[in-house]
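**Q**
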Amino acid sequence: MELFEMSATQLLALMKKGELSSSDITASVLKNIEEKEDKIRAFITPTPALAMKMAKEADQRLRNGESVGRLNGIPVAIKDVLCTKGIPTTCASRILSDYKPPYNATLVQKLLEEGAVIVGKTNMDEFAMGSSTENSAFGPTRNPVAPDRVPGGSSGGSAAAVAAGEAVVAVGTDTGGSIRQPASFCGIVGMKPTYGRVSRYGLIAYASSLDQAGPFARNVEDCALLLSVISGHDPKDTTSAPKPVPDYVGSLNKDIKGLKVGLPKEYFIEGLDSQVREKVMSAAALLEGQGAEIVEISLPHTPYAVGTYYLIATAEASSNLARYDGVKYGYRADKDIPDLLRMYEQTRYQGFGKEVKRRIMLGTYVLSAGYYEAYYLKALKVRTLIKQDFDHAFQKVDCIITPVSPCLPFKLGEKIGDPLQMYLVDIYTVSLNLTGLPGISVPCGAVDSLPVGMQVIGKAFDEETVLQVAYAYEQMRKVLKVKGERLKTEGK
Amino acid sequence: MEFDVIICFEIHAELDTQSKLFCGCSTRPGEKPNTHICPVCTGHPGTLPVLNRKAVEYCVKAGLAFNCRINNYARFARKNYFYPDLPKGYQISQYELPLCENGYFEIEGDDGQPYPVGIKRIHLEEDAGKLVHSTKSFDESTYSLVDYNRAGVPLIEIVADHTKNPIRSVAEAKRYLEGVRQTLQYIGASQCIIEEGQFRCDVNVSIRPQGHEGFLERSEIKNMASFRAVMDALDYEIKRQVEIVESGGDLVQETRLYDEEKGVTLPMRSKEDAPDYRYFPEPDLVELDITEEFVQQVRAQMPELPQFKAERLVKEYCLTRTEALVLTKQKEISDFFEQSCQYCQDPKKLASWLTKELFRVLNENSMDIRACPITAENFGKLVEMISRGDLTEPIGRMILDEMFNTGKSPEIIMEEKELKPIQQDEALIGFVRQVISENPDAVNKVKSGDAQPLNFLIGQVMRKTGGKANPHKVKKLLSEKLVV
Chain G
1 MELFEMSATQ
11 LLALMKKGEL
21 SSSDITASVL
31 KNIEEKEDKI
41 RAFITPTPAL
51 AMKMAKEADQ
61 RLRNGESVGR
71 LNGIPVAIKD
81 VLCTKGIPTT
91 CASRILSDYK
101 PPYNATLVQK
111 LLEEGAVIVG
121 KTNMDEFAMG
131 SSTENSAFGP
141 TRNPVAPDRV
151 PGGSSGGSAA
161 AVAAGEAVVA
171 VGTDTGGSIR
181 QPASFCGIVG
191 MKPTYGRVSR
201 YGLIAYASSL
211 DQAGPFARNV
221 EDCALLLSVI
231 SGHDPKDTTS
241 APKPVPDYVG
251 SLNKDIKGLK
261 VGLPKEYFIE
271 GLDSQVREKV
281 MSAAALLEGQ
291 GAEIVEISLP
301 HTPYAVGTYY
311 LIATAEASSN
321 LARYDGVKYG
331 YRADKDIPDL
341 LRMYEQTRYQ
351 GFGKEVKRRI
361 MLGTYVLSAG
371 YYEAYYLKAL
381 KVRTLIKQDF
391 DHAFQKVDCI
401 ITPVSPCLPF
411 KLGEKIGDPL
421 QMYLVDIYTV
431 SLNLTGLPGI
441 SVPCGAVDSL
451 PVGMQVIGKA
461 FDEETVLQVA
471 YAYEQMRKVL
481 KVKGERLKTE
491 GK
Chain X
1001 MEFDVIICFE
1011 IHAELDTQSK
1021 LFCGCSTRPG
1031 EKPNTHICPV
1041 CTGHPGTLPV
1051 LNRKAVEYCV
1061 KAGLAFNCRI
1071 NNYARFARKN
1081 YFYPDLPKGY
1091 QISQYELPLC
1101 ENGYFEIEGD
1111 DGQPYPVGIK
1121 RIHLEEDAGK
1131 LVHSTKSFDE
1141 STYSLVDYNR
1151 AGVPLIEIVA
1161 DHTKNPIRSV
1171 AEAKRYLEGV
1181 RQTLQYIGAS
1191 QCIIEEGQFR
1201 CDVNVSIRPQ
1211 GHEGFLERSE
1221 IKNMASFRAV
1231 MDALDYEIKR
1241 QVEIVESGGD
1251 LVQETRLYDE
1261 EKGVTLPMRS
1271 KEDAPDYRYF
1281 PEPDLVELDI
1291 TEEFVQQVRA
1301 QMPELPQFKA
1311 ERLVKEYCLT
1321 RTEALVLTKQ
1331 KEISDFFEQS
1341 CQYCQDPKKL
1351 ASWLTKELFR
1361 VLNENSMDIR
1371 ACPITAENFG
1381 KLVEMISRGD
1391 LTEPIGRMIL
1401 DEMFNTGKSP
1411 EIIMEEKELK
1421 PIQQDEALIG
1431 FVRQVISENP
1441 DAVNKVKSGD
1451 AQPLNFLIGQ
1461 VMRKTGGKAN
1471 PHKVKKLLSE
1481 KLVV
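Pasting the structure below:
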């Protein structure tokens, strides 16, 4: 096994024993990046020199016997929507192509304080708007599992980097499924924590009431570790929750016997790929076999979730993206511009990509006088109803299991021409952003070698249960896999 | 044709906080451009606002001062528009659920009766930066620079209610503006320095022929830099509207800009061109719970408001209403007055000396009373001596000037300058005798029953003593000597 393939937990243990240095690990990851990046293109800005420097510092700390951070020496990739001081942070947009933030996002600061090694800034859909990482001003990222396919989006770069061993773990952001769906497509673990669990300070806003940063990892334990590092109240983000952060890693092993697991009937209907459905159902059966109780539940307002999401998200986006006007930072169209209005128009016309412009227009329309009540206000009301659906459901169950995506990873270019079809890909994920609830995507098998993810949804701020269920399932699958291979060998 | 007028103000006042509304940057004006800025107030990607508690306190204080209901649940909203001085492309303001609603401010109506002008709402919002053009006018400028020092400075907006006792004349408008400004200064919410843009307003004005039911289309006037400009703009605009109606024309709802140089209002945009600000709740800030406890805390810090203070001064110190109004114009002046009163038995004399002599010294030195080197105690003692007749007014003025220059007490100055009053009769009698012998004509006249020259003789004695004698005492002594 190459170093870049190992989990953070394994690597940390080996480093602690002195059998391995961060420089070894980082060099392995950087070499792997060099080999695969031409094909995958997970990064917008790789930072190999910085990474090696940070790795040496991490090694020095260990050698000096200092008390080191929880991620000391672990190569981490960061989605290019999170501000990194002095390192380009582009949001995959031309309008921020030369932007170097004067400050670190709180989450990035926490990674640095815990000794993480930054290997680069990852590709994404421009301003996190998309489900395929095709809407990037710097070109698409490819799925490491199937290079003719998309890695999902919008955090496709972070998911692909972790899946390909171009980073050990990564952080992304999730506004409508942008962590969970790419995790599912790339066959790794990805989690959207509860809204308010992780500080949004320094997360470049797409839709402020929906955005939440979270971890990518190749197993649930690493995911739990990274989550515990980035979580916590931040006085710079008043929407972050002043709640203590539990020991996510330490509580993974809790037995799931007797746990009530809900299956929402509205999620297993037409439009869901039958093979995906089958994988998720057998995952549920596996949990049931371990003593979990499977309960059918109803989330009746599910059909309105995607519509509601696109009204609220675009409304907020139209306002959030108003600051990119060419005046203060970023791209400015300044050739042959006679006046202020034309400067604005040309800057934004040239600086933003097609999907971003589409959403700004949608959102502006939604908030306009005469339409506000019919669209935005109505959407807020439906949002409340969807929240109530989950409140009711969680009176009966401890967690909910659903597919992450209704379809398998699709081919590059397959859906990009049809925005509406692309929007519907988010059907199982957007509700969690509307309600703020935590959800994880954990691999639950493959169809024609294409990964399928299962989503575990928890109560607000109950990331522990979500991780416990995902972990228990992951361990069962490991056992199954070993058994399966043994059977295969015996059969021969 | 006679016309009724209604005038409705939207007043913006910069709050007197140390730091900006949503970040820790200083609010101090007059520094070099773009020195009080940070990623938050320049709208850098990813930054978030954190609300300044003091600003909320000041806004609630203003709400209480203007008799508003304080909402126990308040919300911020984004007002979206593009302009280079607006870093985020939206202003964080309040729309639904402002902090304060439904109040009034009592002024003296033109009929002399108290008139409570309706206030619709008072809300909290952030200021924008400032554009500096390469020439005086924006259109002619080849370039413009932006200074974000002011961006994010907290403002309150006080919106009058045109349906509840609107202002009915330019004179009432003036009293309203002055009164609102005075109140904000009293409660310490804003310094309201007009020259520094800390107190600005837009004004809506509409008219109707007397006897008509409804008012005609209103115009909103912007761009007035002083009280003078507001009054001139109102005068002009009312006249303009009246002329249009009298000549059979129609008024249109529009926004007009005041051109101070030409003294006219000019059309800026019509109702149809009014911007759609696309207000929506600010998702970056949680909704604000204003507890009853918080309101009580703010209420407990409320100073006595000027109207009440003036009334009390009239009663407690037997001042005239005019005197009381002059003293209460600025809180610090009335405070100074009341503190001085502890050292002086003659509040009338004190009021007059404060508003005439102390103001003279302050004006000569362009100084605010807050910076005055004379303490209330020393001022009270000085006026007390004058009131008792121990000092003449001219010597009192001399001492006052010296007190201002040195900060010393009147007693010390009198000692140093040998201005101690001549108290003993024996000392005075020498001067009296001298004057009597030097002025036989006047003395004879007095002796023959003509009291007229007595004052002349008193003046002579006073001159010889260098003003240090008590003129009453001199008169008494002279009279005794001259009685046949």
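Those sequence lines, one after another, are chains G and X.
FYI, the numbering for the first sequence is 1 to 492, going by this note's numbering.
FYI, the numbering for the second sequence is 1001 to 1484, going by this note's numbering.
From the three backbone atoms N, C-alpha and C, an ideal C-beta is built for every residue, glycine too.
For clarity, every value in this text was computed on a predicted model and none was experimentally measured.
Could you check whether G/S158 and G/K79 sit closer than 8 Å to each other, using their CB atoms as the reference points?
**A** For G/K79 and G/S158, yes; Cβs fall inside 8 Å.
**Q** So, does the segment 111-130 of chain G touch the segment 67-82 of chain G, judging by three or more C-beta pairs under 8 Å?
**A** Verdict: yes, contact present.
**Q** Near X/V1432, which residues of its chain fall below 8 Å by C-beta distance, leaving aside the five closest residues on each side in sequence?
**A** Only V1461, V1474, L1477, L1478 and K1481 meet the Cβ criterion.
**Q** Keeping to the same chain, check which residues put their C-beta closer than 7 Å to that of G/L272; ignore five residues upstream and five downstream.
**A** Answer for G/L272: P403 and P406, listed in chain order.
**Q** Would G/A128 and G/T175 qualify as a contact pair, given that the criterion is a beta-carbon distance under 8 Å?
**A** For G/A128 and G/T175, yes; Cβs fall inside 8 Å.
**Q** Counting contacts by CB-CB distance shorter than 8 Å, is X/V1146 in contact with chain G?
**A** Yes - at least one Cβ of chain G is within 8 Å of the one on X/V1146.
**Q** Could you name the residues of the same chain whose beta carbon sits closer than 6 Å to that of G/E5, not counting the 5 residues immediately before and after it, in chain order?
**A** Cβ within range, chain order: G165.
**Q** Assuming X/E1332 and X/R1360 form a contact by the criterion Cβ under 8 Å, report the distance between their Cβ atoms to the nearest whole angstrom.
**A** No, X/E1332 and X/R1360 are not in contact; Cβ-Cβ is about 17 Å, not under 8 Å.
**Q** Starting from X/Y1176, trace the alpha helix (DSSP H) in both directions and tell me its first and last residue.
**A** X/Y1176 -> alpha helix (DSSP H) spans V1170 to Y1186.
**Q** Could you please tell me which residues of the segment 208-237 of chain G, in chain order, have their CB closer than 8 Å to any CB of chain X?
**A** Residues S208, S209, P235, K236 and D237.
**Q** Looking at C-beta atoms only, is the number of pairs between the segment 143-160 of chain G and the segment 35-46 of chain G that lie closer than 8 Å three or more?
**A** Yes, since at least three Cβ pairs between the segment 143-160 of chain G and the segment 35-46 of chain G fall closer than 8 Å, the two stretches touch.
**Q** Would you say the segment 92-99 of chain G touches the segment 20-34 of chain G, given that touching needs at least three Cβ pairs under 8 Å?
**A** No, the segment 92-99 of chain G does not touch the segment 20-34 of chain G.
**Q** Quick one: is X/P1154 near chain G, going by C-beta distance under 8 Å?
**A** Not closer than 8 Å to any Cβ of chain G, the Cβ of X/P1154 fails to qualify, so no.
**Q** Note down the Cα distance separating X/V1484 from X/K1447, rounded to an integer number of angstroms.
**A** Because the pLDDT at X/V1484 is just 47, under 50, the model does not fix this residue reliably, and the point stays unresolved.
**Q** Can you give me the start and stop residues for the alpha helix (DSSP H) that X/R1299 sits inside?
**A** E1292 to A1300 is the span of the alpha helix (DSSP H), which, as asked, contains X/R1299.
**Q** In the DSSP assignment, what residue or residues form a beta bridge with X/S1144?
**A** In the DSSP output, where bridge partners are listed per residue, X/S1144 has X/H1133.
**Q** According to DSSP, simplified to helix, strand and coil, what is X/G1103?
**A** Correct three-state label for X/G1103: strand.
**Q** Nearest CA to the CA of G/V366: which residue from G/K478, G/A313 and G/N104?
**A** Among G/K478, G/A313 and G/N104, the Cα nearest to that of G/V366 belongs to G/A313.
**Q** Around the Cβ of G/K483, are there at least 16 other Cβ atoms within 10 angstroms (buried) or fewer (exposed)?
**A** Result: exposed.
**Q** Can you tell me the Cα-Cα spacing of G/G258 and G/E288, whole angstroms?
**A** Cα to Cα, G/G258 sits roughly 9 Å from G/E288.
**Q** Report yes if the C-beta distance between X/I1007 and X/V1203 is below 8 Å; otherwise report no.
**A** The answer is yes: Cβ separation under 8 Å.
**Q** Tell me where the alpha helix (DSSP H) around X/N1455 begins and ends.
**A** L1454 to K1464 is the span of the alpha helix (DSSP H), which, as asked, contains X/N1455.
**Q** What do you get for X/Q1210, buried or exposed, if any count of 16 or more other CB atoms within 10 angstroms of its CB means buried?
**A** It is exposed - the Cβ of X/Q1210 has fewer than 16 other Cβ atoms within 10 Å.
**Q** Using a threshold of 8 Å, state whether the C-beta atoms of X/K1088 and X/G1046 are closer than that.
**A** Cβ distance not < 8 Å, so X/K1088 and X/G1046 don't count as in contact.
**Q** X/D1276 versus chain G: which residues are under 7 Å apart at the beta carbon?
**A** Correct list: S368 and A369.
**Q** Using beta carbons (cut-off 8 Å, strictly below), is G/E345 in contact with chain X?
**A** No, no contact with chain X.
**Q** Looking at the unbroken beta strand (DSSP E) that takes in X/K1020, where does it start and where does it end?
**A** First-last for X/K1020: undefined, no H or E at that position.
**Q** Could you say which of X/P1166, X/D1111 and X/G1152 lies nearest to X/F1105 if we only look at CA atoms?
**A** Checking every option, the nearest Cα to that of X/F1105 belongs to X/P1166.
**Q** Which residues mark the beginning and the end of the alpha helix (DSSP H) in which G/A315 is found?
**A** Unbroken alpha helix (DSSP H) run through G/A315: A305 to N320.
**Q** Where do the N-terminal and C-terminal ends of the beta strand (DSSP E) with X/S1093 fall, by residue?
**A** Taken as a continuous stretch (DSSP letters only), the beta strand (DSSP E) holding X/S1093 covers Y1090 to S1093.
**Q** What separation, rounded to the nearest whole angstrom, lies between the Cα atoms of X/F1294 and X/K1061?
**A** So the alpha carbons of these two residues sit roughly 11 Å apart.
**Q** Under 8 Å between C-beta atoms, does G/L96 make it to chain X?
**A** Chain X contact via Cβ: present.
**Q** Ignore the nearest five residues each way along the sequence and tell me which others in X/F1227's own chain have a CB closer than 8 Å to its CB.
**A** For X/F1227, where only same-chain residues beyond five positions count, the Cβ hits under 8 Å are K1174, L1177, E1178 and I1194.
**Q** If I measure Cβ to Cβ from G/Q346 and keep anything under 7 Å in the same chain, skipping five residues before and after, which residues do I get?
**A** Contacts found: A333 and I337.
**Q** What are the start and end residues of the alpha helix (DSSP H) that includes G/Q290?
**A** G/Q290 -> no alpha helix (DSSP H), and no H or E assigned at all.
**Q** Could you tell me which residues DSSP puts in a beta bridge with G/Q455?
**A** In the DSSP output, where bridge partners are listed per residue, G/Q455 has G/T402 and G/S441.
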